[in-house]
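Engineer:
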Amino acid sequence: MLMQISEPGQTPEPHQRKLAVGIDLGTTNSLVATVRNGSAQTLADIDGAHLLPSVVLYGEEASIEVGEKALAGASSDPVNTLMSIKRLMGRSFADVTDVTGVKMSPYELLDLGQDMVKIRTRAGDVSPVQVSAEILKSLGQRAEETLGGELTGVVITVPAYFDDAQRQATKDAARIAGLNVLRLLNEPTAAAVAYGLDQQDEVAVAVFDLGGGTFDVSVLQLTKGVFEVLATGGDSALGGDDFDHALAQWFVAEHKLDSLDVFQQRSLLTAARQAKEQLSSANEVELALADISSTLSRQQFNDLVDPLIDKAIRACKRAVRDAKLRSDDIHNVVMVGGSTRVPRVRERVAEWFGREPLIDLDPDKVVALGAALQADQLVGNRSGDEMLLLDVIPLSLGIETMGGLTEKIIHRNTTIPVAMAQEFTTFKDGQTAMAIHVVQGERELIDDCRSLARFELQGIPPMVAGAARIKVMFQVDADGLLRVSAREESTGSESRIEVKPAYGLSDTDIADMLQQSWASAADDKEARALREQQIEAEGLLQALSAALLKDGEAMLSEDEQRELLAKMEVLHREREQGSVASIAKHIEIVGKASEVFAERRMDASINQALAGRRVDEI
Amino acid sequence: MSEFNPRENYFALLAVPQSYEVNQADLSRRYRELQREAHPDRFAGASERERLRAVQYSSQINEAYETLVSPTRRAAYLLKLAGIDSDMSSTTFRDPEFLMQQMQLREELSELQSASDPEAALDAFYRDLDAAADQQKSIFSASYLEQQFDESLASYAKLQFLEKLRSEAELKESELLDY
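Here the protein sequences come in this chain order: E and Y.
Letter 520 of the first sequence, counting from 1, is numbered 538 in this note's numbering, and no numbers are missing.
Letter 132 of the second sequence, counting from 1, is numbered 133 in this note's numbering, and no numbers are missing.
1. For Y/P72 and Y/A134, I'd like the C-alpha separation in whole angstroms.
2. How many whole angstroms separate the CB atoms of Y/L130 and Y/R167, which I take to be in contact at a CB cut-off of 8 Å?
3. If you draw a straight line from the C-alpha of E/D234 to the C-alpha of E/F371, how long is it?
4. Among Y/K81, Y/L28, Y/S59 and Y/R43, whose alpha-carbon lies nearest the alpha-carbon of E/I434?
5. Counting contacts by CB-CB distance shorter than 9 Å, is Y/Q114 in contact with chain E?
6. Could you tell me whether the Cβ of Y/R95 comes closer than 9 Å to any Cβ of chain E?
7. Under three-state DSSP, which class holds E/H429?
8. What separation, rounded to the nearest whole angstrom, lies between the Cα atoms of E/D129 and E/A187?
9. Whose C-alpha, out of Y/S20, Y/L123, Y/L100 and Y/A16, is nearest the C-alpha of Y/E147?
10. Mind checking the segment 15-46 of chain Y against chain B and listing, in chain order, the residues whose C-beta falls within less than 8 Å of any C-beta there?
11. Any C-beta of chain Y sitting closer than 9 Å to the C-beta of E/R35?
12. Would you say E/I488 and E/A471 are within 9 Å of each other, going by their C-beta atoms?
13. Pull out every residue of the segment 428-446 of chain E whose Cβ sits closer than 9 Å to any Cβ of chain Y, in chain order.
14. Flag E/S538 as yes if its beta-carbon sits less than 9 Å from any beta-carbon of chain Y, otherwise no.
15. So which residues on chain E does Y/N63 lean against when the C-beta distance must stay under 9 Å?
16. Start and end of the beta strand (DSSP E) containing E/M438?
17. Does DSSP put E/F180 in a helix, a strand or coil?
18. From E/A282 to E/R373, what distance separates their C-alpha atoms?
19. Determine the chain Y residues that contact E/Q493 at a beta-carbon separation under 8 Å, and present them in chain order.
20. Looking at the structure shown, is E/Y213 part of a helix, part of a strand, or coil, going by DSSP?
21. How should E/G131 be labelled, buried or exposed, when 16 other C-beta atoms within 10 angstroms of its C-beta is the threshold for buried?
22. List the residues of chain Y whose Cβ lies closer than 9 Å to the Cβ of E/T241, in chain order.
23. Return no unless some Cβ of chain Y is closer than 9 Å to the Cβ of E/R201.
24. Taking only beta-carbon positions, decide if Y/Y11 is within less than 9 Å of chain E.
25. Whole angstroms is fine: what's the gap from E/V50's alpha carbon to E/Q579's?
26. From the DSSP output, in three-state form, read off E/I417 for me.
27. Just the C-alpha distance for E/A308 and E/L413, rounded to the nearest angstrom, thanks.
28. Express the C-alpha separation of Y/L15 and E/N320 in angstroms, rounding to a whole number.
29. Which same chain residues, not among the five before or five after E/M122, have their C-beta less than 7 Å away from its C-beta?
30. Look at Y/Q137 and Y/K173 and say whether their C-beta atoms are less than 9 Å apart.
31. Have a look at E/N47 and E/R105 and give me their C-alpha separation to the nearest angstrom.
32. In chain order, what residues of the same chain lie with their CB nearer than 8 Å to the CB of Y/Y127, ignoring the 5 residues before and after it?
33. In terms of alpha-carbon separation, which member of E/E295, E/V338 and E/K335 lies closest to E/P361?
34. Which residues bound the beta strand (DSSP E) around E/M452?
35. Within 9 Å (strictly less), CB to CB, does E/L396 reach chain Y?
36. When DSSP labels each residue in this structure, what does Y/M2 get in the three-state scheme?
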C-alpha cells in the first residue's frame with residue numbers, strides 16, 4: 019500500500035472529502051463529472067473519451083458491452099444493440115409507439131399494457147431501467163477507478179419535463195447500478211449551475227438544449243442561489259440528426275437518386291454529418307457519395323436547416339410566454355447539446371433573444387458539470403456559498419372523479435416538495451372500500467392523462483353514506499416523486515396505506531433485477547437467443563439470395579460467387595444445428611464476405627441514377 | 002430548525018404582518034431563508050427519518066409561501082383566519098356593476114379571434130383584466146382591515162371570477178398564437 023504524504027497546511031484532512039459525481043444520463047451520450055481542485059471536470063475513460071455513447075449491447079454468452087464497444091454492434095447486431103433507451107424510460111408500449119425513432123428502431127418492444135415496455139434481446143426481455151442501469155454502472159465504475167475510492171453519492175440529471183414515472187425509472191436504474199442518488203436534477207438547472215448563474219441577483223435564464231434527436235427549452239428564474247423552473251417546452255423529435263437528414267435529402271434531390279439502399283443511406287448520412295460539422299468552420303464543403311459529389315455552401319446549408327430551427331424558435335416563444343415573460347426579460351441564454359455548435363443555430367438564437375448566448379463551456383458537458391457541482395455540495399464538500407435548487411413539478415397531479423374527469427390536486431409548476439390533502443367521502447351506506455385513481459397531465463379527460471396509480475382504500479368503518487371522512491395525502495418529494503397515503507379521519511381509525519405508483523418497479527422487481535444481473539443466463543434466455551440468431555441468419559440468407567439472383571452474374575466473378583455461396587451454405591447449416599455463438603459468428607463471416615458485392619451494387623445503382631439523369635437532361 | 006413550527010400561521014412563519022398587503026421582497030427573502038434550512042437537499046446524507054421530516058417541513062414552507070404570494074389564495078387564507086368559509090361554489094352576484102364588467106370582459110374575450118391583431122387585442126384584454134383585479138384587491142384589503150368581512154368575501158368571489166377569465170384567455174392565447 020502506498021503511504022499518503024500530506025504537507026501541513028496543504029489540503030487539510032483530504033480523507034474527509036467525500037467522493038461525489040454528477041451524471042448526465044443522455045439519450046445519445048452520457049457523461050460523468052466531479053469537482054476536483056475546486057473546479058468541475060468530466061472524467062474520461064482509459065482511452066481518453068469523455069462521452070460514453072448511451073448504447074448497450076447484449077452480446078453472446080451473457081456478455082454486456084456499453085458505450086463505444088456496444089456501438090460497434092449497431093450495424094452487425096441491431097436487434098441486441100439498444101440505443102436511445104432514455105425515450106423508453108417509464109413508458110408503456112402505447113406511450114412509445116408513436117415516438118419518432120423508437121418506431122423505427124430494429125428491436126422488438128413488448129406490449130405489457132400499463133406497465134413499462136420491455137425489449138426482447140438475446141439476454142432475455144430487458145426493461146429500459148436495466149439498460150440504463152448498465153450505462154450508470156459503467157460511469158460509476160469509471161468514476162471510482164479515476165477517483166480511487168467509493169462514491170458517496172451521485173446526482174443524476176433528467177429532462178425538466180420528465181414525469182413521475184420517468185423520474186422513478188431513472189432512480190430505480192441508479193439503485194440497480196448500486197449508486198446512491200443524492201438528487202435527481204433537472205438538466206436545464208444543471209446547465210445554469212455550471213455557468214455559475216446562481217451567483218447572480220435576480221435573473222431569468224433560458225436554456226436552449228438541442229441534442230441529436232431532441233430539443234428542450236426551459237426558462238428559469240434565479241434569485242440569489244435559488245433556482246426555479248418557470249416553464250419548459252420543446253420538441254421530442256427535433257435534433258441535429260434532422261439537419262443531417264435535410265442535407266441528405268437535398269443531395270438525393272440534386273442528383274435525382276431515388277432508390278438508395280440501407281447501406282447507401284447510411285453512408286450518405288455519415289457524409290452529411292461530416293459536411294455539417296465542417297461547415298461550422300468552413301464556408302464551403304464537398305458532400306460526396308461514391309463517385310458523385312456536390313459542393314455545399316454555408317448559405318445553402320443555412321437555408322436547408324432554417325425550417326428546422328424555426329420549430330425550435332417557436333418552442334422558445336411558447337416557453338417564454340408560459341413563463342409570463344418577454345424575450346427581452348431573458349438575461350442569459352445557455353446553450354446545451356452538440357447541435358448548438360452549428361453557427362446558424364447560434365445566430366438564430368441570438369437574433370430572437372436579442373443577446374449572444376453563452377457558449378464558453380462545452381455544450382456536451384455543461385449538464386454533467388452542473389450536476390457535479392450540486393453533488394459536491396450535497397455531500398458537504400462545499401460550504402458557505404450554498405445554492406438552493408427549487409424545482410417545480412412539470413405536470414399536474416390529479417385524481418379521477420365521476421364521469422372520467424380529472425380533478426387536479428397539485429398544479430403544474432408548483433414548487434416541490436409539496437404535500438396536498440384531499441378529503442373524500444363514501445357514497446353508499448356501509449361502504450368499506452373506495453377506489454382511487456391517480457393521474458398526471460393537464461387534460462380534462464382521464465383518458466388523456468397518464469395513469470400513475472390505482473389503489474383501493476380498504477377497511478373504512480361502515481357508516482351512512484357521506485359520513486366517512488377519508489383524507490388522501492399526496493406528497494411529492496424534491497426529486498419530483500409522488501407518494502400517496504390515506505386515512506379515515508372521522509372515527510380516528512387510521513387505515514393508512516402507502517402507495518408507490520404502479521407503473522414503476524416494485525421493490526421485488528428491483529431485487530429480481532439485481533439477482534438477474536448477477537445470475538448467469540437462464541435456459542429460456544438461451545433458447546430465445548438461439549431463435550433470434552436463427553431468424554437473423556435466415557433474413558440475411560434470403561436477402562443475399564435475392565440479390566445474387568438479380569445481380570450475381572453481372573457483378574461478381576465466378577470465383578467470387580462460388581466463395582460467397584460456400585459461406586452462405588455453411589451459415590445455412592449452422593442455422594439448423596449450430597449454437598448461438600456459432601450462428602452469430604457465421605452471420606458475421608457472410609456479412610463480411612458480401613461486402614464487396616454490396617459495394618458494387620451500390621455503385622451500380624448510383625451510376626444508373628446518374629445515367630437516368632443524363633437521359634432526362636438531353 | 003428550532004424556530005420552525007409547521008402549525009404556525011403562514012404570516013408568522015414567513016415573518017410578514019398579517020394583512021392583505023404584503024411586501025413581496027420580504028416574503029421571498031424569508032421564504033428562501035427557511036428553505037435553506039429545511040430543504041431535503043440539506044439532509045442528503047441524513048437518515049431516512051430526517052429526510053422524510055425535511056420533505057414535510059419543506060412542503061409546508063412551500064405551501065405557506067405559495068398561499069401568501071398568490072393574491073387570490075392569500076385572500077382566501079385571510080378569510081379562513083377570520084373564521085369565514087370562502088367556498089364560493091353557490092355564490093350569486095347582486096352587484097350590477099360587476100356583472101356589467103364581467104359581460105364586457107367576456108365579450109372582449111370572444112372577439113379576440115376576429116381582431117385584426119389578436120396579439121395586441123390579447124394584451125389589451127390582460128390589461129383590462131389586471132385593472133379589474135386591482136380594483137377588487139384594494140376593496141378586499143380595505144374591507145378586511147376594517148373587518149367588514151362580508152365585503153371582503155364578495156371581492157374575493159369577484160377575484161376568483163376574474164382569475165377564471167384569465168385562465169380562459171390563456172387557453173385562447175395558445176390556440177390563437179398557434180403553439
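Glycine included, every Cβ here is placed at the ideal spot set by N, Cα and C.
Structural biologist: So, from the data block:
1. C-alpha separation (whole angstroms): 9 Å.
2. 6 Å
3. 16 Å
4. Y/S59
5. no
6. no
7. coil
8. 17 Å
9. Y/S20
10. Absence of chain B from the displayed structure is noted, the protein chains being E and Y.
11. no
12. no
13. T432, T433, I434, P435, V436, A437 and M438
14. Confidence is the limiting factor: at E/S538 the pLDDT is only 36, short of 50, which leaves the residue's position unreliable, though a coordinate-based value still follows. No, its Cβ sits nowhere closer than 9 Å to a Cβ of chain Y.
15. L408, T432, T433, I434, P435, V436 and A437
16. V436 to F442
17. coil
18. Checking the displayed sequence, the identity of residue 282 of chain E turns out to be Gln instead of Ala. If you take the alpha carbons of E/Q282 and E/R373, they lie about 41 Å apart.
19. Scanning chain Y for C-beta atoms nearer than 8 Å to the C-beta of E/Q493 yields V56, Q57 and S60, reported in chain order.
20. coil
21. exposed
22. S29 and R33
23. yes
24. So, not an interface residue.
25. 50 Å
26. strand
27. 49 Å
28. 53 Å
29. With a pLDDT of only 48 at E/M122, under the threshold of 50, the placement of this residue in the model should not be trusted, and no figure is reported.
30. Contact: no.
31. 13 Å
32. R167 and A170
33. Cα-wise, what sits closest to E/P361 is E/E295.
34. The continuous beta strand (DSSP E) containing E/M452 extends over residues M452 to Q458.
35. yes
36. Since pLDDT at Y/M2 reaches only 39, below the 50 mark, its modelled position is unreliable, and the value read off the structure follows with that caveat. Coil.
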